[in-house]
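S.K.:
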Amino acid sequence: MERSEIQETAPGKRISYGRESYYRPDPLPPSGDLALDSDFYDLLADATFWLGKLSGVSLELNVPSVLYTSLLRKEAMESTEIEGADVDYNALYSLETRSLDEGEDRYSIERSSEADTKDTQEVLNYEQAVEDGIEMLDSGGEISISLLHELHETLLTDVPDDRVDTDTIGAYKAVPNHLGNFLPPVPGEVDGLMDALLTSSPP
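The opening residue of the sequence shown carries number 1 in UniProt numbering; numbering runs sequentially from there.
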């Protein structure tokens, strides 16, 4: 996101930070009603329509679990590719379905030190983190800071070293980062912003 793309009406402001400036959102909860334009409602209606179609297909085929895992895998692969992973769909399934040689187990295979397998591991970690989070919520748990840190640790375990700050696995970032030209809130802001997000959201 280019800095110029942050609209004047965005709920936040840019704060000078050295030679750069970072975006700090306004405090939560919002002080007034959100102003949503017609384009938003058009997108919402379109998304609702396709979710209804998807729900109907899953019931008709009676394979909702297969459909769910396929969509989760696609999301996991696209998310890790944003972070620099290079994962081949066929290679991922090959790793999961290959027969074990004597003395091998699935854990040792998935934790291989080869770079391409580490990229694959990142996808598997993503899927595992989502499953763990859903299981926790289904069992009556709540979204909390500790849960997010735990899932973050699951996500980053054994992924390539050049994409991981080992000091912050399972914790908030310790140094500023950027997404393209967009600088999100700096480390000193994150604790308060996350606390506000979780406490202002309905259970």
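Positions of the beta carbon are idealized from the N, C-alpha and C atoms, including for glycine.
List the endpoints of the continuous alpha helix (DSSP H) containing Gly192.
M.R.: Position 192 of the sequence shown, counted from the first residue, corresponds to residue 192. Residues 187 to 200.
S.K.: Pair every Cβ in the segment 14 to 24 with every Cβ in the segment 180 to 189, then say whether three or more of these pairs are closer than 8 angstroms.
M.R.: With a cut-off of 8 angstroms, the segment 180 to 189 and the segment 14 to 24 count as touching, because enough Cβ pairs lie within range.
S.K.: Cβ of Asp119 within 9 angstroms of Cβ of Thr69?
M.R.: For the purposes of this step, residue 119 is taken as residue 119 along the sequence shown, with counting starting at 1. For the purposes of this step, residue 69 is taken as residue 69 along the sequence shown, with counting starting at 1. Not a contact, by the Cβ cut-off of 9 angstroms.
S.K.: Reducing DSSP to helix, strand and coil, say where Ser144 ends up.
M.R.: Working through the sequence shown from its first residue, we reach residue 144 at position 144. Three-state result, Ser144: coil.
S.K.: If the criterion is Cβ atoms closer than 9 angstroms, does the pair Asp26 and Pro11 meet it?
M.R.: To locate residue 26, count along the sequence shown from 1; it is residue 26. To locate residue 11, count along the sequence shown from 1; it is residue 11. In contact: Asp26 and Pro11 (Cβ atoms closer than 9 angstroms).
S.K.: Taking the beta carbon of Glu122 as the centre, do at least 16 other beta carbons fall within 10 Å, making it buried, or is it exposed?
M.R.: Stepping through the sequence shown from its first residue, residue 122 is reached at position 122. By the neighbour-count rule (16 or more Cβ atoms within 10 Å), Glu122 is buried.
S.K.: By alpha-carbon positions, which one of Leu156, Ser21, Thr9, Glu8 ends up nearest to Asn177?
M.R.: In the sequence shown, the residue the question calls residue 177 occupies position 177. Nearest C-alpha to Asn177: Ser21.
S.K.: Hey, could you find the ends of the beta strand (DSSP E) Arg14 is sitting in?
M.R.: Locating residue 14 in the sequence shown gives position 14, counting from the first residue. Per DSSP, Arg14 belongs to the beta strand (DSSP E) from 12 to 17.
S.K.: According to DSSP, simplified to helix, strand and coil, what is Leu151?
M.R.: Counting from 1 along the sequence shown, the entry for residue 151 is found at position 151. Note: Leu151 maps to helix in three-state DSSP.
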